[in-house]
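Undergrad: Before we start, here is the structure in question, set down as structure tokens.
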Amino acid sequence: MLTRRQFLAGLGAVAVTAVLPLSLFRYEARVKAEGKEEGKETLAPQYPDCDWVIDRVVIIDGSGEPAYQGRVAVKGERITAVGDFALSPEVQIIDGQGLVLTPGFIDIHTHAEDYFYSGGDMSPFLSQGVTAQIGGNCGRSPKDIQGYFATIPKMAINYGLLMGYATLRQMVHGRDRSGKTTTAEQLKMQKYLRKAMADGAVGLSVGLEYWPQTYATTEEIIALCEVVKEAGGFYATHIRSEYDRVLEAVGEAILIGKKVGIPVQYCHIKTGYKRNWAKLPKILEMLEEAVESGLDIRADLYGYTYSSTDLGKKPFISSISEENLELAAAHPLTFFGSDAGMYAGGRATHPRAYGNIPRILGRLVREKKILSLETAIAKMTSQPARRLGLTNRGLLRKGYQADLVLFDPETIIDKGTKENPSVFSEGVRQVWVNGTLAWAEGRLLNDNSGQVVN
Ligand SMILES: [Zn+2]
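Below, the structure written as structure tokens:
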């Protein structure tokens, strides 16, 4: 934690004032009038218990409800008041005039394990307003979930992990990675997965398109999902084909979800190759039908039309058409996840690691107006929080953790490109993680206020 002095120094260019700003709120007039009339202590305004207040902001609370002008009070790690409340003359005020305040963004799909472990300061994520991320995706995770958390040198943002199918397979199937697993191996995988869930994993991830995960049978995954369901987790699937057999692959994900009765997160929705573009609306229909029949399935996506590989020759692959990206982004059964990998020193191979959120808010919301700012924010906060079962993050509510983002909706934009991906975005002014100012005006102020999310 920063001391108050460091905290104030860290505010940089944003004005800090202990003086009540010009009245914007009805209640201030009301409180003054009451004080004058009665002159009684009993009618003194009720101040929220807080250390500081961010004032004169446009509040977008993450629920999808319309924005409104207000203030937010914080004490320690928690939000103590939101909206319309009296300001004590002694309280520290941060003036956020002209800016939007939202819950911290939750990135449900990342691959930043190496970066976390190597002491990465998380600036690329923090700089976008991301205050929580979920790793271990697409089948690849640490083997020992608890041990991994225990050895992370510093955690600048909140972090949770999925247990990966490829990892489980590697733990039981030995050095020869090819071929189907035996029944005995499958039982062992279930045992290890049970342990991972008890150690705090949020669910099971698979990457069925990748060798040797391609050997996994539907039945094998169903048995593993039964274990996850017992522990209250979810199934995160990079489906078996994102190209020519994408419809069949979505069908398998839905079948597994229905058979087990487990929430399904369909990772990075896309239909690669032009010949498959017409399948995307069909996939959205399949998701709608599945939800209507009772399955809790959502898809996540990032704000780019190309994906990356580390194979070198052709580092970027066109993965979705612009039209389909917009269609998927605006759909009520999707929310956002970056799919960002991150390597030692903050090196990224794809600009999404530095720019996914600002790109969505700048291009899809502000420029193209394909979804409202309130809806986009809900897709970055409360919707992923709901998938994770979090009841203390993802909304601006009294009692919630003070993960907060202050940004300028008129200027927020990504700056990274295919050629030069590791470039910070613009427009995010300040980011708090569990009540601590972690990022302000382009500078990292605290690299260790994150907590394990599970
Ligand atoms: Zn994937």
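1014 is the number of the first residue of the sequence shown in this note's numbering; add one for each residue after it.
C-beta atoms are modelled at their ideal positions from N, C-alpha and C, and glycine is treated no differently.
This one's a predicted model, so the numbers in the text were calculated from it and none came from an experiment.
Assess contact between the stretch 1103 to 1111 and the stretch 1121 to 1139, defined as three or more Cβ pairs (one per stretch) separated by less than 8 Å. Is contact present?
TA: Because the criterion of three Cβ pairs below 8 Å is not met, the stretch 1103 to 1111 and the stretch 1121 to 1139 do not touch.
Undergrad: Between the alpha carbons of residue 1193 and residue 1086, how many angstroms are there, rounded?
TA: Straight-line Cα distance between these residues: approximately 55 Å.
Undergrad: Does DSSP put residue 1225 in a helix, a strand or coil?
TA: Coil at residue 1225, not helix or strand.
Undergrad: I need the DSSP call for residue 1247, collapsed to helix, strand or coil.
TA: DSSP places residue 1247 in strand when its eight states are reduced to three.
Undergrad: Per DSSP, residue 1426 forms a beta bridge with which residues?
TA: Answer by DSSP bridge pairing, in chain order: 1439.
Undergrad: Answer yes if the stretch 1227 to 1241 comes into contact with the stretch 1298 to 1315, meaning at least three C-beta pairs across the two stretches below 8 Å, and no otherwise.
TA: The stretch 1298 to 1315, when compared against the stretch 1227 to 1241, does not touch it at the 8 Å Cβ threshold.
Undergrad: Could you tell me the alpha carbon to alpha carbon distance between residue 1317 and residue 1338, rounded to whole angstroms?
TA: The straight-line gap from Cα to Cα measures roughly 8 Å.
Undergrad: For a test of the three-state rule: what should DSSP assign to residue 1154, helix, strand or coil?
TA: Reduced to three states, the DSSP call for residue 1154 is coil.
Undergrad: Among residues of its own chain, excluding the 5 on either side of residue 1261, which ones have a beta-carbon nearer than 8 Å to its beta-carbon?
TA: Same-chain partners within the cutoff: 1253, 1254.
Undergrad: Give the range of the beta strand (DSSP E) segment to which residue 1304 is assigned.
TA: Looking at the DSSP string, residue 1304 is not in any beta strand (DSSP E); the run it does join, the alpha helix (DSSP H), is 1292 to 1305.
Undergrad: Could you pull out every unbroken alpha helix (DSSP H) segment of at least 4 residues lying fully inside the stretch 1181 to 1236, listed in chain order?
TA: Fully enclosed alpha helix (DSSP H) runs of 4 or longer: 1196 to 1211.
Undergrad: May I ask whether a heavy atom of ligand 1 can be found less than 7 Å away from the beta carbon of residue 1281?
TA: Under cutoff, so the answer is yes.
Undergrad: Quick check on residue 1303: buried or exposed, where buried means 16 or more other Cβ atoms within 10 Å of its Cβ?
TA: By the 10 Å Cβ count, residue 1303 comes out buried.
Undergrad: Name the two residues that bound the continuous alpha helix (DSSP H) containing residue 1098.
TA: Per DSSP, residue 1098 belongs to no alpha helix (DSSP H) and is neither H nor E.
Undergrad: For residue 1546 and residue 1093, I'd like the C-alpha separation in whole angstroms.
TA: Nothing in the structure corresponds to residue 1546, since the chain is present only between 1014 and 1467.
Undergrad: With distances taken between CB atoms, is the gap from residue 1172 to residue 1129 smaller than 8 Å?
TA: In contact: residue 1172 and residue 1129 (Cβ atoms closer than 8 Å).
Undergrad: Could you give the distance in angstroms between the alpha-carbon of residue 1439 and the alpha-carbon of residue 1431?
TA: Going from the Cα of residue 1439 to the Cα of residue 1431 covers about 17 Å.
Undergrad: Quick one: Cα of residue 1368 to Cα of residue 1457, how far?
TA: Answer to the nearest angstrom: the Cα atoms are 17 Å apart.
Undergrad: Excluding the 5 residues flanking residue 1306 on each side, which residues of the same chain have their C-beta closer than 6 Å to its C-beta?
TA: Answer for residue 1306: no residue qualifies.
Undergrad: With a 10 Å radius around its C-beta and 16 neighbouring C-beta atoms as the bar for buried, classify residue 1380 as buried or exposed.
TA: Its Cβ having fewer than 16 others within 10 Å, residue 1380 is exposed.
Undergrad: With a CB to CB cut of under 8 Å and the five nearest residues on each side skipped, what residues in its chain are close to residue 1455?
TA: Once the five neighbours on either side are set aside, the close Cβ partners of residue 1455 are 1140, 1437.
Undergrad: Going by DSSP, name the residue or residues bridged to residue 1331.
TA: Note: residue 1331 sits in a beta bridge opposite 1319.
Undergrad: Of the residues 1363, 1422, 1132, 1409, which one's Cα is nearest the Cα of residue 1090?
TA: It is 1409 whose Cα lies nearest to the Cα of residue 1090.
Undergrad: What residues are listed by DSSP as bridge partners for residue 1177?
TA: Answer is 1218, bridged to residue 1177.
Undergrad: Taking 7 Å as the limit between beta carbons, can you name the residues of its chain near residue 1038, skipping five residues before and five after?
TA: Low confidence applies to residue 1038: its pLDDT is 37, below 50, so where it sits in the model is not reliable, and the reading given next is rough at best. Taken in chain order, the residues that qualify are 1097.
Undergrad: Can you give the Cα-Cα distance for residue 1099 and residue 1061, rounded to whole angstroms?
TA: Roughly 8 Å separates the two Cα atoms.
Undergrad: Please state whether DSSP places residue 1141 in a helix, a strand or coil.
TA: Reduced to three states, the DSSP call for residue 1141 is coil.
Undergrad: Go ahead and label residue 1288 buried or exposed: buried means 16 or more other beta carbons lie within 10 angstroms of its beta carbon, across all protein chains shown.
TA: By the neighbour-count rule (16 or more Cβ atoms within 10 Å), residue 1288 is not buried but exposed.
Undergrad: If you drop the 5 nearest sequence neighbours on each side, which residues of the same chain put their C-beta closer than 8 Å to that of residue 1074?
TA: Closer than 8 Å at Cβ, skipping near neighbours: 1095, 1115, 1116, 1408, 1409, 1410.
Undergrad: For residue 1124, which beta-bridge partners are listed by DSSP?
TA: DSSP, once it has assigned bridges, lists 1354 as partnering residue 1124.
Undergrad: Under 8 Å between the Cβ atoms of residue 1177 and residue 1153?
TA: Contact flag set, yes.
Undergrad: Hey, residue 1266 and residue 1150 are a contact pair by Cβ (cut 8 Å); roughly how many whole angstroms apart?
TA: No, residue 1266 and residue 1150 are not in contact; Cβ-Cβ is about 15 Å, not under 8 Å.
Undergrad: Under DSSP, the beta strand (DSSP E) around residue 1449 begins and ends at which residues?
TA: Start and end: 1449 to 1453.
Undergrad: What separation, rounded to the nearest whole angstrom, lies between the Cα atoms of residue 1296 and residue 1101?
TA: Approximately 53 Å, taken between the alpha carbons.
Undergrad: May I ask you to report which of helix, strand or coil DSSP gives residue 1406?
TA: Three-state result, residue 1406: coil.
Undergrad: Would the C-beta of residue 1220 count as close to ligand 1, meaning under 7 Å from any of its heavy atoms?
TA: Because some heavy atom of ligand 1 lies under 7 Å away, the Cβ of residue 1220 counts as near it: yes.
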